[in-house]
Amino acid sequence: MSQQKIIVGYDGSPDARAAATWALDHAARTAATVTFLYAYEEPFWMPAASMVPTPAVRPPEDLQRTATTMLAQVTTAAARTHPTVTTETRTVIAFAGPALIAGSAQAETVVVGSRGHSAVAGLLGSVSVAVSAHAHCPVVVVRGEAPEGAPVVAGADGSAASAAVLAFAAGQAADRRVPLRVLGAWPPVTGLWETGPVITRSVTAEERKPFDDLVGEVREVHPDLEVVADAVVEHPAAALVRASASAQLLVVGSRGRGPVRGLLLGSVGQHLLRHSSCTVAVVHETRQDQ
Numbered sequence: 001m002s003q004q005k006i007i008v009g010y011d012g013s014p015d016a017r018a019a020a021t022w023a024l025d026h027a028a029r030t031a032a033t034v035t036f037l038y039a040y041e042e043p044f045w046m047p048a049a050s051m052v053p054t055p056a057v058r059p060p061e062d063l064q065r066t067a068t069t070m071l072a073q074v075t076t077a078a079a080r081t082h083p084t085v086t087t088e089t090r091t092v093i094a095f096a097g098p099a100l101i102a103g104s105a106q107a108e109t110v111v112v113g114s115r116g117h118s119a120v121a122g123l124l125g126s127v128s129v130a131v132s133a134h135a136h137c138p139v140v141v142v143r144g145e146a147p148e149g150a151p152v153v154a155g156a157d158g159s160a161a162s163a164a165v166l167a168f169a170a171g172q173a174a175d176r177r178v179p180l181r182v183l184g185a186w187p188p189v190t191g192l193w194e195t196g197p198v199i200t201r202s203v204t205a206e207e208r209k210p211f212d213d214l215v216g217e218v219r220e221v222h223p224d225l226e227v228v229a230d231a232v233v234e235h236p237a238a239a240l241v242r243a244s245a246s247a248q249l250l251v252v253g254s255r256g257r258g259p260v261r262g263l264l265l266g267s268v269g270q271h272l273l274r275h276s277s278c279t280v281a282v283v284h285e286t287r288q289d290q
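Here the sequence shown is numbered in full-length UniProt numbering, starting from 1 and rising by one per residue.
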């Protein structure tokens with residue numbers, strides 16, 4: 001990673017404030033700089049039709065003033081709660097997703113809330129999905145509240161990203177001084193038809209070998225870290241959601257070993273961003289600018 005910088009997508013919403021707290025806590029442990037980035041679209045005027053009123057548009061200077069005030073408030077609060085962390089602010093005229101993706105090329109981590117200010121409450125923010133799929137570095141989507149001393153959980157499925165997932169998860173667990181739980185989930189086998197009964201099976205030693213090898217490498221790199229490895233026969237999305245209930249961070253790859261390799265954010269990752277009980281980190285196989 002080119003430098004220790006954490007970028008937080010900040011819009012003043014409750015979820016953005018939670019993302020700011022997560023980033024500041026992480027920076028306090030790693031001596032990283034936190035950049036609060038606020039992106040807004042420059043308004044434009046549209047001529048009104050004969051029977052349609054012209055929409056009210058806030059002038060750019062008003063938006064800039066609002067952004068400056070909001071960012072000043074978050075950095076002032078950060079100086080009070082995390083005095084050892086260096087913070088900076090940045091305002092850009094752009095859509096939030098592309099702005100965060102562009103900034104991720106020079107960042108260690110991008111942190112966002114699961115939802116921002118939106119006209120449709122209760123839906124997963126499109127920004128968190130887009131950034132998780134396309135960023136050049138790990139993306140942390142902050143959700144829920146972590147139980148005290150809860151472990152970090154990593155999903156390892158044998159895909160190309162698994163090594164990067166475990167390396168990131170192990171670093172997070174070591175920084176927090178909590179255990180790391182590595183979860184490998186193999187889907188159950190059904191009959192000839194999707195509606196057929198599930199056939200009970202166990203994970204064979206041959207199937208487990210790549211998983212066990214990855215876990216062994218983590219233990220070699222982090223000999224003082226408590227590492228628990230579980231191999232289960234269960235749909236990966238269901239197993240990881242269940243594990244998230246007792247975790248403080250769930251770490252997964254941006255793509256799994258599923259049949260649709262072209263998806264930049266796999267179906268399991270998208271499911272977790274919507275249903276995980278804890279914060280989710282999405283890790284890419286390599287930095288996409290390399």
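Positions of the beta carbon are idealized from the N, C-alpha and C atoms, including for glycine.
Beta-carbon gap between residue i and residue j smaller than 8 Å
| i | j | result |
| --- | --- | --- |
| residue 292 | residue 103 | Outside the displayed span of the chain (1 to 290) sits residue 292, for which this structure offers no information. |
| residue 236 | residue 268 | yes |
| residue 113 | residue 19 | yes |
| residue 131 | residue 270 | no |
| residue 91 | residue 64 | yes |
| residue 214 | residue 272 | no |
| residue 89 | residue 75 | yes |
Nonlocal neighbours in the same chain, by C-beta distance under 7 Å from residue i, ignoring five residues either side
| i | result |
| --- | --- |
| residue 150 | 178, 246, 247, 248 |
| residue 161 | 253, 254, 255, 283, 284, 285 |
Helix, strand or coil at residue i according to DSSP, with G and I counted as helix
| i | result |
| --- | --- |
| residue 259 | Residue confidence is low: residue 259 scores 38 on pLDDT, short of 50, so the model does not pin down where it sits. Its coordinate-derived value is still stated next. If DSSP states are grouped into helix, strand and coil, residue 259 belongs with coil. |
| residue 230 | strand |
| residue 289 | For residue 289, the pLDDT reaches just 41, beneath the cut-off of 50, and the residue's location in the model is therefore unreliable, although a value from the coordinates is still provided. Coil, per DSSP. |
| residue 84 | coil |
| residue 89 | strand |
| residue 247 | coil |
Other residues of its chain near residue i: CB distance less than 6 Å, five sequence neighbours each side excluded
| i | result |
| --- | --- |
| residue 27 | 6, 34, 85 |
| residue 244 | 250, 276, 277, 278 |
| residue 259 | With a pLDDT of 38 at residue 259, under the threshold of 50, the modelled position of this residue cannot be trusted; read the value that follows with caution. Excluding residues within five positions, none has a Cβ falling inside 6 Å. |
| residue 78 | 24, 87 |
| residue 155 | 183, 240, 252 |
| residue 118 | Unreliable positioning characterises residue 118 in this predicted model, as indicated by a pLDDT of 43, which lies under 50. A coordinate reading is not provided. |
| residue 138 | 109, 168, 281, 283 |
Cα-Cα separation, residue i to residue j
| i | j | result |
| --- | --- | --- |
| residue 142 | residue 99 | 19 Å |
| residue 12 | residue 285 | 31 Å |
| residue 133 | residue 93 | 22 Å |
| residue 192 | residue 203 | Caution applies to residue 192, whose pLDDT of 47 falls short of 50 and renders its modelled position unreliable; the value that the coordinates give is listed next. Rounded to the nearest angstrom, the two C-alpha atoms are 20 Å apart. |
| residue 242 | residue 61 | 47 Å |
| residue 31 | residue 206 | 42 Å |
| residue 14 | residue 144 | 12 Å |
| residue 212 | residue 274 | 29 Å |
| residue 101 | residue 153 | 25 Å |
DSSP beta-bridge partners of residue i
| i | result |
| --- | --- |
| residue 218 | In the DSSP output, where bridge partners are listed per residue, residue 218 has none listed. |
| residue 40 | 93 |
Other residues of its chain near residue i: CB distance less than 8 Å, five sequence neighbours each side excluded
| i | result |
| --- | --- |
| residue 230 | 181, 182, 183, 184 |
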